[in-house]
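Protein chains: 2
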Amino acid sequence: MKIPTPILKLIESFERLPGIGPKTAQRLTFYLLHFPEEELQKFADSLVNLKKGTKLCEVCHNVSENNMCSVCSDSSREKNVILVVSNPLDAFAIEKTGFKGVYHVLHGIIDPLNNIGPEELFVRELKDRVLAMSDEHVEVILATNTSMEGEATAMYISKMLRESGLGEDILKISRIARGLPVGGDIEYADDITLSRALDGRSQF
Amino acid sequence: MKIPTPILKLIESFERLPGIGPKTAQRLTFYLLHFPEEELQKFADSLVNLKKGTKLCEVCHNVSENNMCSVCSDSSREKNVILVVSNPLDAFAIEKTGFKGVYHVLHGIIDPLNNIGPEELFVRELKDRVLAMSDEHVEVILATNTSMEGEATAMYISKMLRESGLGEDILKISRIARGLPVGGDIEYADDITLSRALDGRSQF
Numbered sequence: 082m083k084i085p086t087p088i089l090k091l092i093e094s095f096e097r098l099p100g101i102g103p104k105t106a107q108r109l110t111f112y113l114l115h116f117p118e119e120e121l122q123k124f125a126d127s128l129v130n131l132k133k134g135t136k137l138c139e140v141c142h143n144v145s146e147n148n149m150c151s152v153c154s155d156s157s158r159e160k161n162v163i164l165v166v167s168n169p170l171d172a173f174a175i176e177k178t179g180f181k182g183v184y185h186v187l188h189g190i191i192d193p194l195n196n197i198g199p200e201e202l203f204v205r206e207l208k209d210r211v212l213a214m215s216d217e218h219v220e221v222i223l224a225t226n227t228s229m230e231g232e233a234t235a236m237y238i239s240k241m242l243r244e245s246g247l248g249e250d251i252l253k254i255s256r257i258a259r260g261l262p263v264g265g266d267i268e269y270a271d272d273i274t275l276s277r278a279l280d281g282r283s284q285f
Numbered sequence: 082m083k084i085p086t087p088i089l090k091l092i093e094s095f096e097r098l099p100g101i102g103p104k105t106a107q108r109l110t111f112y113l114l115h116f117p118e119e120e121l122q123k124f125a126d127s128l129v130n131l132k133k134g135t136k137l138c139e140v141c142h143n144v145s146e147n148n149m150c151s152v153c154s155d156s157s158r159e160k161n162v163i164l165v166v167s168n169p170l171d172a173f174a175i176e177k178t179g180f181k182g183v184y185h186v187l188h189g190i191i192d193p194l195n196n197i198g199p200e201e202l203f204v205r206e207l208k209d210r211v212l213a214m215s216d217e218h219v220e221v222i223l224a225t226n227t228s229m230e231g232e233a234t235a236m237y238i239s240k241m242l243r244e245s246g247l248g249e250d251i252l253k254i255s256r257i258a259r260g261l262p263v264g265g266d267i268e269y270a271d272d273i274t275l276s277r278a279l280d281g282r283s284q285f
């Protein structure tokens, strides 16, 4: 039995997505066979419009519909508190905490094993951005993941900014706290998390 | 922060798929942001072509590129052994066992709780198909799932075919065996499966 080519092609497209294996791709494709044609057209349109309808904010490089995103064009946000994240989803997650500063989206993480260096990310743009506002007090919060690559990226950016000539009186660089997640059990926490939690202890 | 509309729309499209929740839909959408535009276009094209490029075989109602599918138009298949499945994926799964007969795809299962009756499925077409070949010996193998709905559908079809006036000498109706899956543990099998396995025991 030959599976019809249009079905095979859609299965292949789904298989290229992360976390979707051959079985799931099949299931999704056959599920879509029961969709009305106009729904499939809508799905297809939203795929095509994904990149056509979005650009990167020219200030923070987050995804946006306009040249400047809604955060960067909001005059009530604290422009001298710049939170650095590796991707837009991280910015959306932090936005939910009520953070009032602005963002800088790197669009990736330094990962030498996968040939991703600082040149592939919006790292240089961060330096330019910080230098352009050097007459104010600036805080750069490094909120990359707490994985090995995330720590390395944070370290690289911190070093780069320090070497740009801005003193500690003007430029403050911080890193999000690493410790036990809220509701976490000390008993089950790993060694590194626990030692980070101790190092980062605060007055009580 | 406002998530750009083109992104929201694609997230919504993904969320309509089975087994894809809001978080996964977000992750897939942001992953696709890094795809080149021509890849997105290809994905979109395969969605649109899914229904435009396929039809249902006029004999067995399986998905096919032509009016008659590759199985029904293959003269080496045993046309008088008709295996009834509820959807195309089941037919593809059974095809891998080397089954040499033909299929009949119902495109669903009788499920009164969800308002799906025999009229919504290709049940009547099965009866017509069997009656049209009544001069031969015919075997109908009911291979719907062994769930409650699958059993009910098998029962309904069996009754309908029996009442169509074909005697047991012409029309043989069978049901796939229900028992322990190969490699299964008797200790962990449920009561119903075990009693089905006993009922269906074969000479050794």
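Chains as they are written, first to last, in the numbering used here: chain C, 82 to 285; chain E, 82 to 285. Note that beta-carbon positions come from the ideal geometry of N, C-alpha and C, so glycine has one too. Quick caveat, the model's predicted, so the values are computed rather than measured.
- The Cβ atoms of K83 (chain E) and S151 (chain C) lie closer than 8 angstroms to each other.
- For the 8 angstroms CB-CB criterion, L187 (chain E) and L164 (chain E) do not form a contact.
- Residue nearest to A258 (chain E) within the set E:I238, E:T225, E:D271 and E:E230 is E:T225 (criterion: CA-CA distance).
- Interface with chain C (8 angstroms Cβ-Cβ cutoff): Y112 (chain E) is included.
- Taking 8 angstroms as the CB threshold, V144 (chain E) lines the interface with chain C.
- The beta-carbon of F203 (chain C) is placed no less than 8 angstroms from the nearest beta-carbon of chain E.
- Taking 8 angstroms as the cut-off, the Cβ atoms of L121 (chain E) and I88 (chain C) do not count as close.
- Classified as exposed, T178 (chain C) has fewer than 16 neighbouring CB atoms from the shown chains inside 10 Å of its CB.
- Excluding sequence positions up to five before and after M149 (chain E), its CB lies within less than 7 angstroms of the CB of C138, E139 and V140, all in the same chain and listed in chain order.
- Look at the beta carbons and you see the stretch 264-273 of chain C not touching the stretch 103-120 of chain C: under three pairs across the two are nearer than 8 angstroms.
- With a threshold of 8 angstroms between beta carbons, K90 (chain C) makes contact with chain E.
- In summary, the residues of the stretch 124-135 of chain C whose CB is separated from some CB of chain E by less than 8 angstroms are F124, A125, D126, S127, L128, V129, N130, L131, K132, K133, G134 and T135, in the order they occur in the chain.
- The C-beta of N168 (chain C) comes closer than 8 angstroms to at least one C-beta of chain E.
- Within the DSSP secondary-structure output, D192 (chain E) pairs in a beta bridge with E:I197.
- Note that the stretch 194-212 of chain C touches the stretch 245-255 of chain C; at least 3 beta-carbon pairs, one per stretch, sit closer than 8 angstroms.
- Under the three-state reduction of DSSP, N130 (chain E) is assigned to helix.
- In this structure, E:G182 is the residue among E:E268, E:D126, E:G134 and E:G182 with its C-alpha nearest to the C-alpha of E220 (chain E).
- Taking 8 angstroms as the cut-off, the Cβ atoms of I190 (chain C) and G134 (chain C) do not count as close.
- Rounded to the nearest angstrom, the Cβ distance from A278 (chain C) to L261 (chain C) is 5 angstroms, consistent with a contact under 8 angstroms.
- R210 (chain C) sits in a helix when the DSSP states are folded into three classes.
- Identification of chain E residues near I197 (chain C) by a Cβ-Cβ cut-off of 9 angstroms yields none; the smallest Cβ-Cβ distance measures about 12 angstroms.
- Nearest CB-CB separation between M82 (chain E) and chain C: below the 8 angstroms threshold.
- Among the CB atoms of chain E, none fall inside 8 angstroms of the CB of S276 (chain C).
- Judged by beta-carbon spacing, S167 (chain E) lies within the 8 angstroms limit of T234 (chain E), meaning their Cβ atoms are closer than that value.
- DSSP, read as helix, strand or coil, puts G182 (chain E) in strand.
- According to the DSSP assignment, R277 (chain C) belongs to the alpha helix (DSSP H) that extends over D272 to D280.
- Within chain C, the residues placing a beta-carbon under 7 angstroms from that of L121 (chain E) are L128, V129, L131 and K132, ordered along the chain.
- At a cut-off of 8 angstroms between C-beta atoms, P87 (chain E) counts as an interface residue with respect to chain C.
- With the criterion set as a beta carbon lying under 9 angstroms from some beta carbon of chain E, the members of the stretch 93-110 of chain C are E93, S94, F95, R97, L98, P99, G100, I101, T105, Q107, R108, L109 and T110, in sequence order.
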